[in-house]
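Below is one structure, written out as structure tokens, with a few remarks after it.
In UniProt numbering, the protein residues as written are 1 to 341.
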């Protein structure tokens with residue numbers, strides 16, 4: 001597969017030229033950029049999928065939601081609808097997509113909207129929810145039509161952008177120099193005990209500007225798995241029969257955290273819409289045991305599988321170190337921006 005992708009190098013060069021021209025046209029004003037008095041925090045990446053955007057968005061929501069009226073705006077990838085939608089009590093997962101529905105499901109008093117056109121989405125949020133003080137733009141790093149003063153760029157420990165290549169040879173959506181637009185670079189999915197020396201080595205390779213700051217995070221799994229009717233301690237769960245189901249970009253960490261020697265692991269494509277055949281496969285594989293999945297998959301499976309069998313394991317972003325510094329940078333930016341607006 002790697003050798004085949006290397007054959008596509010001329011297409012990667014062409015893709016790089018096109019994206020560089022596009023970004024330059026935004027920079028010099030050929031393409032219009034829209035500014036808003038309401039502060040917007042962009043969470044995104046240079047690569048396609050699997051960098052931990054959802055837990056980072058949730059981290060920022062938890063940090064700010066007690067002090068500010070928040071809204072999230074996503075594309076709503078693979079949703080069965082078009083245009084702008086502001087979630088309400090009757091909104092379904094199919095209408096807005098799994099990740100936005102997860103925000104809507106988990107957080108009260110946070111407005112959740114979807115729109116592929118981010119400028120239009122922000123305009124509608126501010127029209128329908130004028131009390132909004134901060135908008136978190138999920139997966140919007142390449143959406144330069146919105147002029148944001150605060151960009152958080154995520155890159156994974158095992159495949160940082162400095163070791164990657166442009167599509168279709170690698171997984172980068174744009175060239176590495178796009179990282180310069182970020183105020184914060186977060187290296188995600190690190191080992192929990194990442195040494196300070198290795199952090200310094202990575203920072204050197206990131207080639208940050210003097211105005212950028214790097215942070216390191218890891219995935220923290222909940223000690224409890226949840227179902228529609230209850231919860232179970234993960235250690236107790238490990239004593240039972242269960243299978244693992246995941247339709248996320250990089251499920252290996254999830255599988256490795258829970259699986260036993262003979263555990264059946266069923267991977268599906270990212271944002272997968274489960275068919276009746278998929279459901280039959282899952283039920284046959286589980287037999288009489290439990291079905292454990294990710295939180296993102298749970299919102300797609302909850303109405304398709306027996307509720308007493310289906311459990312999900314939440315995750316959250318945790319910092320290797322410097323958590324207070326990260327929090328303060330966000331709080332200072334939002335505090336100053338909301339005061340100015």
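We treat Cβ as the ideally placed atom computed from N, Cα and C, and that holds for glycine.
For clarity, every value in this text was computed on a predicted model and none was experimentally measured.
Measuring alpha carbon to alpha carbon, tell me which of the options ends up nearest residue i.
{"i": "residue 312", "options": "227, 131, 49, 237", "result": "227"}
{"i": "residue 161", "options": "174, 168, 151, 149", "result": "174"}
{"i": "residue 254", "options": "331, 296, 277, 273", "result": "296"}
{"i": "residue 285", "options": "271, 270, 309, 298", "result": "309"}
{"i": "residue 155", "options": "147, 141, 145, 148", "result": "141"}
{"i": "residue 186", "options": "269, 283, 251, 158", "result": "158"}
{"i": "residue 261", "options": "270, 271, 240, 267", "result": "240"}
{"i": "residue 206", "options": "223, 231, 153", "result": "153"}
{"i": "residue 238", "options": "257, 90, 252, 23", "result": "257"}
{"i": "residue 202", "options": "212, 216, 210, 327", "result": "216"}
{"i": "residue 29", "options": "209, 144, 130, 330", "result": "144"}
{"i": "residue 119", "options": "287, 37, 233", "result": "37"}
{"i": "residue 151", "options": "130, 23, 180", "result": "180"}
Exposed or buried, residue i, counting other C-beta atoms within 10 Å across all chains shown (16 or more means buried)?
{"i": "residue 83", "result": "exposed"}
{"i": "residue 25", "result": "exposed"}
{"i": "residue 100", "result": "buried"}
{"i": "residue 27", "result": "exposed"}
{"i": "residue 41", "result": "buried"}
{"i": "residue 55", "result": "buried"}
{"i": "residue 229", "result": "exposed"}
{"i": "residue 98", "result": "buried"}
{"i": "residue 292", "result": "buried"}
{"i": "residue 244", "result": "buried"}
{"i": "residue 276", "result": "exposed"}
{"i": "residue 330", "result": "buried"}
{"i": "residue 183", "result": "buried"}
{"i": "residue 339", "result": "exposed"}
Do you know how far the Cα of residue j is from the Cα of residue i?
{"i": "residue 242", "j": "residue 289", "result": "5 Å"}
{"i": "residue 132", "j": "residue 125", "result": "8 Å"}
{"i": "residue 39", "j": "residue 49", "result": "25 Å"}
{"i": "residue 318", "j": "residue 107", "result": "19 Å"}
{"i": "residue 247", "j": "residue 214", "result": "29 Å"}
{"i": "residue 64", "j": "residue 307", "result": "33 Å"}
{"i": "residue 178", "j": "residue 46", "result": "7 Å"}
{"i": "residue 250", "j": "residue 315", "result": "14 Å"}
{"i": "residue 192", "j": "residue 218", "result": "6 Å"}
{"i": "residue 92", "j": "residue 7", "result": "43 Å"}
{"i": "residue 281", "j": "residue 301", "result": "13 Å"}
{"i": "residue 171", "j": "residue 12", "result": "10 Å"}
{"i": "residue 189", "j": "residue 321", "result": "13 Å"}
{"i": "residue 223", "j": "residue 236", "result": "10 Å"}
{"i": "residue 127", "j": "residue 117", "result": "16 Å"}
{"i": "residue 273", "j": "residue 221", "result": "24 Å"}
{"i": "residue 271", "j": "residue 51", "result": "14 Å"}
{"i": "residue 81", "j": "residue 327", "result": "35 Å"}
Cutting at 6 Å between CB atoms, please list the residues of its own chain near residue i, excluding the five before and the five after it.
{"i": "residue 115", "result": "84, 121"}
{"i": "residue 96", "result": "76, 79, 85, 87, 114"}
{"i": "residue 139", "result": "44, 53"}
{"i": "residue 279", "result": "304"}
{"i": "residue 16", "result": "166, 175"}
{"i": "residue 112", "result": "72, 87, 100, 103, 104"}
DSSP state of residue i, grouped into three classes?
{"i": "residue 161", "result": "helix"}
{"i": "residue 248", "result": "coil"}
{"i": "residue 74", "result": "strand"}
{"i": "residue 112", "result": "strand"}
{"i": "residue 151", "result": "strand"}
{"i": "residue 58", "result": "helix"}
{"i": "residue 274", "result": "coil"}
{"i": "residue 15", "result": "helix"}
{"i": "residue 133", "result": "coil"}
{"i": "residue 267", "result": "strand"}
{"i": "residue 65", "result": "coil"}
{"i": "residue 302", "result": "coil"}
{"i": "residue 333", "result": "helix"}
{"i": "residue 25", "result": "helix"}
Less than 8 Å between C-beta atoms, sequence neighbours within five positions excluded: which residues of the same chain meet that for residue i?
{"i": "residue 61", "result": "70, 72, 103, 107, 110, 136"}
{"i": "residue 105", "result": "299"}
{"i": "residue 59", "result": "316, 317"}
{"i": "residue 209", "result": "180"}
Within its chain, find whatever has a CB closer than 7 Å to the CB of residue i; leave out the 5 residues flanking it on each side and keep chain order.
{"i": "residue 147", "result": "33, 34, 35"}
{"i": "residue 334", "result": "39, 64, 68, 134"}
{"i": "residue 267", "result": "246, 251"}
Strictly under 7 Å for the Cβ-Cβ distance: is residue i near chain C by that measure?
{"i": "residue 330", "result": "This model lacks chain C altogether; it includes just one protein chain."}
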